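Here is the structure we will look at.
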Amino acid sequence: MPANVTSFRKEYHLARLSEESAGFDPFALFNQWFEAAGTSGIHEPNAMVLATATAEGRPSARVVLMKGFDESGFTFFTNYESHKGRDLAVNPFAAVVFWWEPLERQVRIEGRVAKVSAAESDEYFYSRPLGSRIGAWVSQQSR
Numbered sequence: 114m115p116a117n118v119t120s121f122r123k124e125y126h127l128a129r130l131s132e133e134s135a136g137f138d139p140f141a142l143f144n145q146w147f148e149a150a151g152t153s154g155i156h157e158p159n160a161m162v163l164a165t166a167t168a169e170g171r172p173s174a175r176v177v178l179m180k181g182f183d184e185s186g187f188t189f190f191t192n193y194e195s196h197k198g199r200d201l202a203v204n205p206f207a208a209v210v211f212w213w214e215p216l217e218r219q220v221r222i223e224g225r226v227a228k229v230s231a232a233e234s235d236e237y238f239y240s241r242p243l244g245s246r247i248g249a250w251v252s253q254q255s256r
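Counting in this note's numbering, the sequence shown runs from 114 upward without gaps.
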């Protein structure tokens, strides 16, 4: 372990944010930043840290992949029996963080999580490669 963890500190200069530059539509700003992340060479710019909590408030966080977004919210998929699925069943509030280090930008989102339709969930599941689907069925991580 480094003797001085604070030596990793970095000065950030690329991205400044003001109320004026942010505008009034947070989804438009997110779309602009997400597109910039997507064209910047960032590997998996749709990766986000998802934080959930149990009914007792015990937090848990992990990286998941956003599969879509629009004005109604941000979409990710999970097995309902996974740790995050069980957390969300008893406490439907979560937070996500996108961190795009090369752009010196992060986005924090908090809110209520709702299930997509069974048809949308099935459509996503069957769009995955066969090996990925099999892995999801047998993986302890997915439960």
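Beta carbons are placed, not taken as given, at the ideal position from N, Cα and C, and that holds for glycine. Predicted, not measured: the structure shown is a model, and the values here were computed from it.
Count the other CB atoms within 10 Å of the CB of residue i; is the residue buried (16 or more) or exposed (fewer)?
{"i": "Asp-183", "result": "exposed"}
{"i": "Pro-205", "result": "exposed"}
{"i": "Thr-191", "result": "buried"}
Just how far apart, CA to CA, sit residue i and residue j?
{"i": "Glu-133", "j": "Gly-181", "result": "27 Å"}
{"i": "Val-220", "j": "Ala-227", "result": "20 Å"}
{"i": "Tyr-239", "j": "Ala-135", "result": "38 Å"}
{"i": "Ser-245", "j": "Gly-170", "result": "32 Å"}
{"i": "Ser-185", "j": "Asn-144", "result": "13 Å"}
Return yes when the Cβ of residue j is within less than 9 Å of the Cβ of residue i, no when it is not.
{"i": "Val-209", "j": "Leu-142", "result": "no"}
Which of the three DSSP states is assigned to residue i in this structure?
{"i": "Ser-195", "result": "coil"}
{"i": "Glu-124", "result": "coil"}
{"i": "Leu-163", "result": "strand"}
Quick one: residues in its chain with C-beta nearer than 7 Å to the C-beta of residue i, no 5 flanking neighbours on either side, listed in chain order?
{"i": "Gly-151", "result": "Pro-158"}
Which residues in the same chain have their Cβ closer than 8 Å to the Cβ of residue i, if we skip the five residues on either side of it in sequence?
{"i": "Pro-215", "result": "Ser-153, Gly-154 and Ile-155"}
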